[in-house]
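Just add 1099 to wherever you are in the sequence shown, counting from 1, and you've got the numbering used here.
In this text, a Cβ means the ideal position worked out from N, Cα and C, and glycines have one as well.
Computed from a predicted model, the values in this text were never measured in an experiment.
This report refers to the structure that appears directly beneath it.
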Amino acid sequence: MDDDADPLMVAYLERREDLLRYFRARLRSTDAAEDVVQDIGLKLTRRGQDEVIGNPSAYLYRLGANLMLDHLKKERRVARRASAWREATVDTEGAAQASVDEPPADQVVSARERLRLVIETVETLPPPVREAFRLHKLEGLSHAETAAAMGVSRSSVEKYIMAGLKSIVKRVGR
């Protein structure tokens, strides 16, 4: 060990994995534990070396516990702020709650028009293409499940789906 090395930093580097396990168990989050242990290291680099610490290990855990509490307090503040924001941006007139962040009326009208065009296009598809499209895209069946339901090969289903999508993109756009 270098004579000029900070004993507290040496203790930190030796116990880093133990600190991670300790704070991971308490925070139930690897990411949060990593943040706390990294913050311990940052605090150590910013402190003066002339301060003598009698029990470096105890000091590291105490410092980490304080940082963990700060982390938890910050999370609670953020959650309270988010909750207050949701309450402030929701109009509770009547039974329905309308969010202030609803899209403008012209976007709603445009989306409805595009949906109408998609439905019309799907209705004009040849029967096997329409059936494959309905089973896969609307009912959520996999290509293999769709093929089994239709009694065709998986390759056929893939071709049907592509044909349906091409027709929709051609008529409606992306």
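Which residues in the same chain as residue i place their Cβ atom closer than 7 Å to its Cβ, once the five residues preceding and following it in sequence are excluded?
i       : result
Arg1125 : Met1167
Thr1245 : Ala1231, Leu1234, His1235, Val1256
Arg1270 : Leu1216, Thr1220
Ser1266 : Thr1220, Leu1224
Can you tell me the Cβ-Cβ gap for residue i and residue j, rounded? I've got them flagged as a contact below 8 Å.
i       : j       : result
Glu1248 : Leu1240 : Position check: residue 1248 holds Ala in this sequence, whereas Glu was assumed. Indeed, because the Cβ distance is near 7 Å, the residues count as touching under 8 Å.
Tyr1259 : Pro1227 : 6 Å
Leu1107 : Leu1141 : That pair is no contact at about 13 Å.
His1170 : Asp1205 : About 44 Å separates the two Cβ atoms, so there is no contact after all.
Which residues bound the alpha helix (DSSP H) around residue i?
i       : result
Val1177 : 1155-1187
Glu1201 : Looking at the DSSP string, Glu1201 is not in any alpha helix (DSSP H), and its letter there is neither H nor E.
Lys1269 : 1253-1271
Val1228 : 1226-1232
Glu1244 : 1242-1249
For residue i, I'd like the list of residues in its chain whose CB is within less than 8 Å of its CB, leaving aside the five on either flank, ordered along the chain.
i       : result
Arg1114 : Ser1156, Leu1159
Arg1229 : Val1221, Glu1222, Gly1263
Ala1139 : Note on residue identity: the sequence assigns Ile, not Ala, to residue 1139. If we look at Ile1139 and ignore the five residues flanking it on each side, its Cβ neighbours are Tyr1111, Leu1118, Leu1159, Leu1162, Gly1163, Leu1166.
Excluding sequence positions up to five away, which residues of its chain have a Cβ less than 6 Å from the Cβ of residue i?
i       : result
Pro1203 : none
Thr1129 : Arg1123
Ile1276 : Residue coverage of the chain in this structure runs from 1100 to 1273, which leaves residue 1276 outside it and unanswerable.
Ala1178 : none
Checklist entry - Counting only runs that start and end within the segment 1104-1147, where is the alpha helix (DSSP H) found for 4 or more residues in a row? => result 1106-1126, 1129-1145
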